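Per this note's numbering, the sequence shown starts with residue 662, numbered consecutively.
Just so it is clear, CB atoms sit at the ideal spot from N, CA and C, and this is done for glycine as well.
The structure presented is a predicted model; accordingly, all values stated were derived computationally and were not measured.
Inspection log for the structure reproduced underneath, given as structure tokens.
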Amino acid sequence: MKKETIIIIATVIILMIGIFINLSFASSIMSFKTIVHALLHNDHSKDTLIIRTVRLPRLLVAIMVGVSLALAGAIMQGITRNALASPQTFGINAGASLVLVAALVFFPDYNGNQSAYIGFIGAILGGVIVYTFIYGHENNQVRLALAGMTIHLLLSSVTEVLILMNENATDILYWLTGSLNGKDWDSVEVLLPWFVIGTIITIMLARHLTVISLGDDLATSLGVYKKVIYIVFGLMVIILAGTSVSVAGPIGFVGLIAPHISKRLIRGGYERHIILTALIGAVLLVYSDALSHIIAYPYESPVGIVTALIGGPFFLYLCKNGRSVQKG
Numbered sequence: 662m663k664k665e666t667i668i669i670i671a672t673v674i675i676l677m678i679g680i681f682i683n684l685s686f687a688s689s690i691m692s693f694k695t696i697v698h699a700l701l702h703n704d705h706s707k708d709t710l711i712i713r714t715v716r717l718p719r720l721l722v723a724i725m726v727g728v729s730l731a732l733a734g735a736i737m738q739g740i741t742r743n744a745l746a747s748p749q750t751f752g753i754n755a756g757a758s759l760v761l762v763a764a765l766v767f768f769p770d771y772n773g774n775q776s777a778y779i780g781f782i783g784a785i786l787g788g789v790i791v792y793t794f795i796y797g798h799e800n801n802q803v804r805l806a807l808a809g810m811t812i813h814l815l816l817s818s819v820t821e822v823l824i825l826m827n828e829n830a831t832d833i834l835y836w837l838t839g840s841l842n843g844k845d846w847d848s849v850e851v852l853l854p855w856f857v858i859g860t861i862i863t864i865m866l867a868r869h870l871t872v873i874s875l876g877d878d879l880a881t882s883l884g885v886y887k888k889v890i891y892i893v894f895g896l897m898v899i900i901l902a903g904t905s906v907s908v909a910g911p912i913g914f915v916g917l918i919a920p921h922i923s924k925r926l927i928r929g930g931y932e933r934h935i936i937l938t939a940l941i942g943a944v945l946l947v948y949s950d951a952l953s954h955i956i957a958y959p960y961e962s963p964v965g966i967v968t969a970l971i972g973g974p975f976f977l978y979l980c981k982n983g984r985s986v987q988k989g
């Protein structure tokens, strides 16, 4: 059996354990037998209702958001050839958050089913602003990261001002930390179609991402039509990150960490480790969600705080060892 296959199987097993933990432990603890019974038989008992209407949809959202952010991060690191790239560090999450909060503040009665489209607009806003600042300096990794984080802080500050100006918007602060609390089947319905589209297209085009990551000159010589590929991958980032933020808020660092772990475990092009990247993203968010129930038990912490505690030191490590990480 190939090394890649063994690693992927091991990651799937780790994910399955995390799924069981998430379904078992929350405000109350349930046995494996209870979980299986609830999944197979809708008998309307209390435990079955809790699992089917509360824990299962929340778990599915965690998996889809984790995969989406991980793939968005892999795309951004590939097309920018920057080890520090992710939806958070490049202002994509902050842009989506700003526009979503603005919609909630100025149009409080807007249809929540349209949140995905609003997230798209915000993601485009963040990406365009960052690209405007770094145009002509795309190969300067430090400048790129600093510009992205600066725009992230700027857009986040504007978002907070909007919240302070509206007395009814204070509840949004919890969402802004990145939260899976209260996610139900409506959240799954909003996220699922875009998740499927973004995931399938990204996996199918992973080989082209490898070519792009090797440099524009090589990409041109190999016959890859750069502009089309850049546009398609840009759309995938907007779809994957924008919808994730619209449902779960700006959860940070998953898109930064997952691609790096994947590349360390499986060497080679993106087509070899893109599926592992997606699985690691799911693992990170599923386990982070489990930890969010434990950190301040019996209260629940926003999952974004957990990912920040993990991702903050990782980001500093990448900043300090950027060149060696990029080569690795």
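C-alpha distance - residue i paired with residue j, whole-angstrom precision
i	j	result
Lys981	Met737	20 Å
Leu732	Gly913	13 Å
Asp950	Thr968	9 Å
Ser985	Ile824	In this prediction, Ser985 scores a pLDDT of 49, lower than 50, which makes its location untrustworthy; no coordinate-derived value is stated.
Pro718	Ala909	12 Å
Ser706	Gly929	50 Å
Leu700	Thr709	8 Å
Lys988	Lys924	A caution first: Lys988 carries a pLDDT of 49, below 50, which makes its placement in the model unreliable, though a value can still be read off. In a straight line, the C-alpha of Lys988 is about 10 Å away from that of Lys924.
Thr811	Leu945	26 Å
Leu761	Leu720	23 Å
Ile711	Ile696	10 Å
Ala763	Ala902	18 Å
Leu815	Trp836	18 Å
His934	Ile668	10 Å
Val849	Val722	6 Å
Leu853	Val898	16 Å
Ile956	Val726	21 Å
Pro911	Ser776	14 Å
Ile936	Val947	17 Å
Exposure of residue i, with buried meaning 16 or more beta-carbon neighbours within 10 Å
i	result
Ala671	exposed
Phe693	exposed
Thr750	buried
Thr863	buried
Lys844	buried
Tyr931	buried
Gly679	buried
Val822	exposed
Phe856	buried
Asn754	buried
Ser818	exposed
Tyr958	exposed
Ile861	exposed
Below-8 Å beta-carbon distance, residue i vs any chain B residue
i	result
Trp846	Looking at the structure shown, chain B is missing, and only one protein chain is on hand.
Top-ranked residue by Cα proximity to residue i, from the options
i	options	result
Ile873	Val893, Glu961, Phe856, Pro854	Val893
Phe975	Trp855, Lys707, Ala744, Val726	Ala744
Ala735	Ala808, Ser685, Ala755, Gly942	Gly942
Lys888	Val726, Leu870, Ile667	Leu870
Pro920	Thr938, Ile861, Thr904	Thr938
Leu765	Met725, Gly727, Val728, Asn827	Asn827
Ser840	Ala808, Leu952, Leu684, Asp704	Leu952
Thr741	Asp845, Leu786, Tyr792, Ile956	Tyr792
Ser747	Ile918, Phe767, Val819, Ile922	Ile918
Arg716	Leu676, Phe768, Gly809, Ser689	Ser689
Leu676	Ile858, Ile724, Arg713	Ile724
Gly787	Tyr886, Ala777, Phe768, Gly809	Gly809
Ile785	Leu759, Ile861, Ala806	Leu759
Tyr960	Asn842, Leu807, Thr860, Asp878	Asn842
Ile782	Ile936, Arg713, Leu896, Leu805	Leu896
Gly739	Val728, Gly876, Leu807, Ile674	Gly876
Residue i: first and last residue of the uninterrupted alpha helix (DSSP H) it sits in
i	result
Glu665	664–685
His705	No alpha helix (DSSP H) contains His705, which DSSP labels as neither H nor E.
Arg933	931–953
Arg925	915–926
Tyr960	No alpha helix (DSSP H) contains Tyr960, which DSSP labels as neither H nor E.
Ile696	693–701
Any non-hydrogen atom of the ligand HEM within 7 Å of residue i CB
i	result
Ile790	This structure lacks the ligand HEM; in fact it carries no ligand of any kind.
> Can you list the alpha helix (DSSP H) stretches of 4 or more residues lying completely in the stretch 709–766, in chain order?
Replying inline: You should have 717–741.
> What are the complete alpha helix (DSSP H) segments, minimum 4 residues, inside the stretch 837–913?
Replying inline: For the stretch 837–913, whole alpha helix (DSSP H) runs of length 4 or above, ordered along the chain, are 846–865, 867–874, 877–882, 887–909.
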